[in-house]
Amino acid sequence: MVAEDDDEASKTEEPSERKISKAKEEGDVALSQDAKSFLMLLGMLFVVWLLLPILMKWFYQLSLPFIENPESIPTDARHIRLLLIHVVLGLFKILAIPFAVFMLLGVFASIAQTGFVFAPKKLEPDWNKLNIFAALPKFINMKKIVESLKGIVKITVIAFISILVIRPYLDKANLMPTMETTAILAFIHKVVVLLIFTVVIAVLVIAVADFAYQKYTHLKKLRMTKQEVKDEYKQMEGDPLVKSRIRQIRMERARHRMMDAVPRADVVIVNPTHYAVALEYKMDKMDAPVVVAKGLDNIALKIREIAEENEVPVVENPPLARALFASVEIDQMIPSEHFKAVAEVIGYVMQLKNPQTR
Numbered sequence: 001m002v003a004e005d006d007d008e009a010s011k012t013e014e015p016s017e018r019k020i021s022k023a024k025e026e027g028d029v030a031l032s033q034d035a036k037s038f039l040m041l042l043g044m045l046f047v048v049w050l051l052l053p054i055l056m057k058w059f060y061q062l063s064l065p066f067i068e069n070p071e072s073i074p075t076d077a078r079h080i081r082l083l084l085i086h087v088v089l090g091l092f093k094i095l096a097i098p099f100a101v102f103m104l105l106g107v108f109a110s111i112a113q114t115g116f117v118f119a120p121k122k123l124e125p126d127w128n129k130l131n132i133f134a135a136l137p138k139f140i141n142m143k144k145i146v147e148s149l150k151g152i153v154k155i156t157v158i159a160f161i162s163i164l165v166i167r168p169y170l171d172k173a174n175l176m177p178t179m180e181t182t183a184i185l186a187f188i189h190k191v192v193v194l195l196i197f198t199v200v201i202a203v204l205v206i207a208v209a210d211f212a213y214q215k216y217t218h219l220k221k222l223r224m225t226k227q228e229v230k231d232e233y234k235q236m237e238g239d240p241l242v243k244s245r246i247r248q249i250r251m252e253r254a255r256h257r258m259m260d261a262v263p264r265a266d267v268v269i270v271n272p273t274h275y276a277v278a279l280e281y282k283m284d285k286m287d288a289p290v291v292v293a294k295g296l297d298n299i300a301l302k303i304r305e306i307a308e309e310n311e312v313p314v315v316e317n318p319p320l321a322r323a324l325f326a327s328v329e330i331d332q333m334i335p336s337e338h339f340k341a342v343a344e345v346i347g348y349v350m351q352l353k354n355p356q357t358r
């Protein structure tokens with residue numbers, strides 16, 4: 001136990017996406033049984049509220065011969081067999097819809113929490129589970145104790161709420177033997193719907209808290225040591241797919257930064273459609289104009305579009321646009337051989353902005 005505590009204490013880093021994905025592949029996910037219970041109770045409320053009168057009517061019709069005229073029921077083997085088949089099919093008809101609703105909601109509750117998870121490893125037989133002494137520590141741990149306490153609290157709360165809901169109707173329930181069948185069915189329907197609705201609200205509160213708790217404990221269990229983070233990073237560095245993805249992310253980020261810089265440019269020199277180079281020049285701060293963005297084809301069109309939206313002058317000069325694109329990187333000053341051509345463009349732009357300087 002001490003070794004396990006030391007191991008837990010050393011796991012100070014949040015789990016990586018890779019470790020979370022690997023755990024999911026093995027079927028190790030954060031799953032709240034209370035959330036499943038909530039959805040299934042919600043389904044039960046739906047069934048009881050909308051379908052219980054119909055289901056009770058079916059059950060009443062099925063049991064009517066046994067109540068009103070039991071002596072008319074044949075007792076020979078053939079008729080008994082047919083009667084049993086009739087009863088079984090009738091019960092199946094009554095129970096099939098609620099059962100289907102509960103099953104579908106149980107599956108939906110799991111998928112809603114974890115996504116679709118298929119873990120063949122979970123289906124493999126684990127013979128160690130048959131070893132009582134090896135499995136004993138798994139049953140005597142803090143998680144099991146917490147789950148047991150939670151179960152006791154939930155049962156107590158739900159039982160208390162159920163008593164509060166049913167108590168006002170106990171006097172009327174004593175009068176049920178004197179009531180007509182339709183009145184009894186209506187009374188039962190009302191009480192059951194109210195009871196399930198109240199329990200659903202209580203379980204919803206419990207489910208929200210339990211889902212947050214399960215998520216927290218799951219991520220805590222998957223935490224990593226600093227060494228594990230370093231080892232995983234080294235493994236990922238050698239993965240061509242990971243390298244490609246990292247390179248793609250870096251390029252996208254660089255492109256976003258570049259596009260964000262276009263509005264502060266003083267001029268965009270274009271080809272007119274295949275090349276675009278955005279220049280910034282602050283006479284009192286820069287020795288020479290700086291390329292803040294450049295691009296080909298679609299990127300060039302995007303640079304031009306952003307420039308026009310922000311009223312940055314766009315000047316067509318194909319030779320200069322191609323030359324600057326080929327020889328100058330982003331955030332670099334233009335080389336001296338392009339000073340004259342760029343100075344003419346900037347002078348032209350300044351004249352457009354200040355006609356009186358002509």
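Just so you know, the sequence shown maps onto residues 1 to 358 in full-length UniProt numbering. Quick reminder that beta carbons are idealized off the backbone N, C-alpha and C, glycines included. A quick note: this is a predicted structure, and the numbers were derived from the prediction, not measured.
Are the CB atoms of residue i and residue j nearer to each other than 8 Å?
i      : j      : result
VAL268 : VAL312 : yes
LEU89  : VAL200 : no
ILE196 : LEU84  : no
ALA207 : SER10  : no
MET258 : ALA293 : yes
PHE211 : ALA35  : yes
ILE111 : LEU51  : no
LEU194 : VAL157 : no
VAL342 : PRO289 : yes
LEU149 : PHE38  : no
ALA265 : ALA307 : yes
GLY43  : PHE102 : yes
GLU316 : VAL270 : yes
PHE198 : ILE161 : One detail in the question is off: residue 198 reads as Thr in this sequence, not Phe. A contact, by the Cβ cut-off of 8 Å.
From the DSSP output, read off the bridge partner residues of residue i.
i      : result
TYR275 : LEU296
ILE269 : VAL277 and VAL315
GLU13  : MET224
VAL291 : LEU279
Would you mind reading off the limits of the alpha helix (DSSP H) that contains residue i?
i      : result
VAL200 : 181-221
VAL328 : Counting along the chain, VAL328 falls outside any alpha helix (DSSP H), and DSSP gives it neither H nor E.
MET350 : 339-353
MET40  : 33-46
LEU170 : 170-173
Is residue i a contact residue of the ligand GDP, with contact defined as CB to any heavy atom under 7 Å?
i      : result
PRO335 : Absent from the structure shown: the ligand GDP. Ligands present: none.
Does the segment 170-187 come close enough to the segment 223-231 that 3 or more CB-CB pairs lie under 8 Å? no
Counting pairs of beta carbons, one from the segment 209-223 and one from the segment 14-22, are three or more of them closer than 8 Å? yes
Using 8 Å as the threshold, is the segment 333-348 in touch with the segment 300-309, meaning 3 or more CB pairs across them? no
Is it true that the segment 310-330 meets the segment 281-288, where meeting means three or more beta-carbon pairs spaced less than 8 Å apart? no
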